[in-house]
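Quick note on this note's numbering: the sequence shown kicks off at 15 and runs consecutively. Have a look at the structure below, then the notes.
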Amino acid sequence: MSNSSCSIVRDLLPLYDDKALSPKTAEVVKNHLDKCPECRDYLAHIHHVVRAMQNQNARNNYRYSEVVRRIRRNFFVELAVGAAVFSFACAALIKLASRE
Numbered sequence: 015m016s017n018s019s020c021s022i023v024r025d026l027l028p029l030y031d032d033k034a035l036s037p038k039t040a041e042v043v044k045n046h047l048d049k050c051p052e053c054r055d056y057l058a059h060i061h062h063v064v065r066a067m068q069n070q071n072a073r074n075n076y077r078y079s080e081v082v083r084r085i086r087r088n089f090f091v092e093l094a095v096g097a098a099v100f101s102f103a104c105a106a107l108i109k110l111a112s113r114e
């Protein structure tokens with residue numbers, strides 16, 4: 015394949031991998047890939063890198079949600095403890111007020 019056609023196709027490969035090309039352009043890229051093993055290898059590399067990035071993002075999202083879950087749990091535990099202390103304080107004040 016000529017370097018210029020490979021260069022153009024390689025610029026389009028990320029869009030081709032995302033299926034974001036028009037049908038005609040996708041067909042041109044597919045025809046080129048059928049004839050060019052170097053561009054097929056390049057597409058496989060792009061596909062691998064994109065999938066690795068998606069997996070990393072999924073792990074990061076899991077970590078983020080785990081941190082948020084812990085923060086929420088701690089917040090509700092602190093809220094429950096605060097409510098219990100407040101309730102006991104109110105009960106003690108009511109008991110003291112009723113003695114007088």
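For every residue, glycine included, the Cβ atom is placed at its ideal position computed from N, Cα and C.
Would you kindly check if the distance between the Cβ of residue 64 and the Cβ of residue 31 is under 8 Å? As a working note, residue 31 is residue 17 in the sequence shown. As a working note, residue 64 is residue 50 in the sequence shown. In this structure, residue 31 places its C-beta atom within 8 Å of the C-beta atom of residue 64.
Close Cβ partners of residue 19 (< 7 Å) along its chain, the five nearest in sequence each way excluded: Sequence index remark: in the sequence shown, residue 19 carries index 5 (1-based). Cβ within range, chain order: 46.
On the criterion of 16 or more Cβ atoms from any shown chain inside 10 Å, does residue 57 qualify as buried, or is it exposed? Along the sequence shown, one-based indexing puts residue 57 at 43. Answer is buried; the Cβ neighbour count reaches 16.
For residue 40, the first and last residue of its enclosing alpha helix (DSSP H): Position 26 of the sequence shown holds residue 40. Segment 37 to 49, the alpha helix (DSSP H) holding residue 40.
Taking the C-alpha atoms as reference points, what is the distance between residue 82 and residue 51? Here residue 82 is taken as the residue at index 68 of the sequence shown, counted from 1. Here residue 51 is taken as the residue at index 37 of the sequence shown, counted from 1. Those two C-alpha atoms are separated by around 46 Å.
With a 10 Å radius around its C-beta and 16 neighbouring C-beta atoms as the bar for buried, classify residue 27 as buried or exposed. For this step, residue 27 is matched to residue 13 along the sequence shown. Buried is the call here.
Using alpha carbons as the reference points, say which of 22, 61 and 48 lies closest to residue 33. For this step, residue 33 is matched to residue 19 along the sequence shown. Ranking the options by Cα distance to residue 33, first place goes to 61.
For residue 99, does the count of other Cβ atoms within 10 angstroms reach 16, so buried, or fall short, so exposed? For the purposes of this step, residue 99 is taken as the residue at position 85 of the sequence shown. A residue is called buried once 16 or more other Cβ atoms fall within 10 Å of its Cβ, and residue 99, having fewer, is exposed.
Exposed or buried, residue 12, counting other C-beta atoms within 10 Å across all chains shown (16 or more means buried)? Examination of residue 12 is not possible in this model, given that the chain is present from 15 through 114 alone.
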